[in-house]
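Numbered per the working numbering, the sequence shown spans residues 11 to 351.
Just so it is clear, CB atoms sit at the ideal spot from N, CA and C, and this is done for glycine as well.
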Amino acid sequence: MENNRVFMKAYMTNNLIRTISHFKEEEEFNAFLEAYKQASVNLEIDSFQLHLNWPSFLELIDLEALFWSFHPLNEEDALYNFLLSMLNKNDQQVLLTCLYDQVFIDCLTKVKKLPQIDQTFLLNQIQKKRDLIQVPLVKKLFATPLNYYEKLLQVDPYHTIHDLTLYLAWDRVCVNLAVIFEHPSFKSVDGLTTLKECLIESFQHITKQGETTPGFFRFMEALYAILMREENLPIYSEEEWLILCQSTEALRSREIVCDAPYIDKILVDKYSNSKKRAQLILTLDSIEKVNASLKLAEFEIKKLNQEKMAWNYSLSPVEIVCFKQEDQKLLFNTIIRQEYF
């Protein structure tokens, strides 16, 4: 790797954001800086601009538990039970497509009703976070992304709230579809195929529209639920089965917004002529979790390229700086570099 490589953006996973934002002493941040320098990526801390995607922004302003009252579909929901009944009947593709749309509408409606999805509330949370951060260098680190979201909410609140609402609704749609895909017994898998195609089409449609960038990892988790269905297990090679088994290390909690920037931020249009720049991600995730996530992403991209529907995305290069925490100090662990062409 060239020593003069420049990263325009850097992202952090939520566990690292949480740790750094709660530093109380300058020495803690200096230890992080020293650990970062040991990563040997030839950058000073000011050489990259920290960006936050929606999950990271919500984490920073202490809204990581946004979904605490937002349960996934279960047997108490009429929509869930009706969906299951239609999946046990043949030739219900049109109705299942309508039911998929209803799941999406239901998620959008519930997200819109969350009291936190409000311009004034979010602006207050941003200011509260600024006031709570005690270390000046930490304030400086998070100033740019906080200012960015503050300006969005002040200048264009309608589209900003719409963007956030759509992002969160997509997260919940994927969780709900994963629950459906995990249901053990259906007379036919044709209905599951219909729902899977709806999900794939939705992801590509939302991404192409550009209103928000839907979470790719949460989408992957929904498809993983299909891949792990009993009727599909015999088709895998030994190597594929090993990847799928190891992927359990990668799966995120369904109770919170999915946090996987080293997957979500490396998905790119495979037909774009623009040069694929390496993304820089900083994380406290374990090496095993990062590698399992990357392998699952590669595997699922391969499977998506084999679908009847055209799949328009590939993975861009990524450099992931992994930290570890010992004696309440952040230490450099390793760098995981992955090139995709």
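Decide if residue i is buried, meaning its Cβ has at least 16 other Cβ atoms within 10 Å, or exposed.
i, result
"residue 56", "For residue 56, the predicted structure reports a pLDDT of 47, less than 50, and the residue's modelled location is therefore unreliable. A value from the coordinates is still provided. With fewer than 16 Cβ atoms within 10 Å of its Cβ, residue 56 is classed as exposed."
"residue 135", "buried"
"residue 144", "exposed"
"residue 20", "buried"
"residue 32", "exposed"
"residue 289", "buried"
"residue 222", "buried"
"residue 348", "buried"
"residue 245", "exposed"
"residue 319", "exposed"
"residue 61", "buried"
"residue 303", "buried"
"residue 274", "buried"
DSSP state of residue i, grouped into three classes?
i, result
"residue 135", "helix"
"residue 219", "helix"
"residue 80", "coil"
"residue 324", "strand"
"residue 54", "In this prediction, residue 54 has a pLDDT of 48, which is less than 50 and means its spatial position is unreliable; what the coordinates show is noted afterwards. Coil at residue 54, not helix or strand."
"residue 352", "This structure leaves residue 352 out entirely; the chain is present only between 11 and 351."
"residue 153", "helix"
"residue 338", "coil"
"residue 19", "strand"
"residue 60", "strand"
"residue 243", "helix"
"residue 28", "helix"
"residue 196", "coil"
"residue 261", "coil"
"residue 231", "helix"
"residue 224", "coil"
"residue 210", "helix"
"residue 299", "helix"
"residue 191", "helix"
"residue 148", "helix"
"residue 72", "coil"
Name the one or two DSSP bridge partners that residue i has.
i, result
"residue 183", "Partner(s): none; residue 183 has no beta bridge."
"residue 279", "323"
"residue 347", "329"
"residue 289", "328"
Taking one C-beta from the segment 38-52 and one from the segment 82-100 each time, how about it: are there three or more such pairs within less than 8 angstroms?
no
Quick one: any contact between the segment 267-278 and the segment 223-237, if contact means 3 or more CB pairs under 8 angstroms?
yes
Curious, which full-length alpha helix (DSSP H) runs of at least 4 residues does the segment 90-137 contain?
103-123
Evaluate the contact criterion for the segment 197-210 versus the segment 94-108: three or more CB pairs, one atom per stretch, below 8 angstroms.
Yes: the two stretches touch, three or more of their Cβ pairs being nearer than 8 angstroms.
Cβ pair count under 8 angstroms reaching 3, the segment 294-308 against the segment 243-260:
Under the 8 angstroms Cβ criterion, the segment 294-308 counts as touching the segment 243-260, having at least three qualifying pairs.
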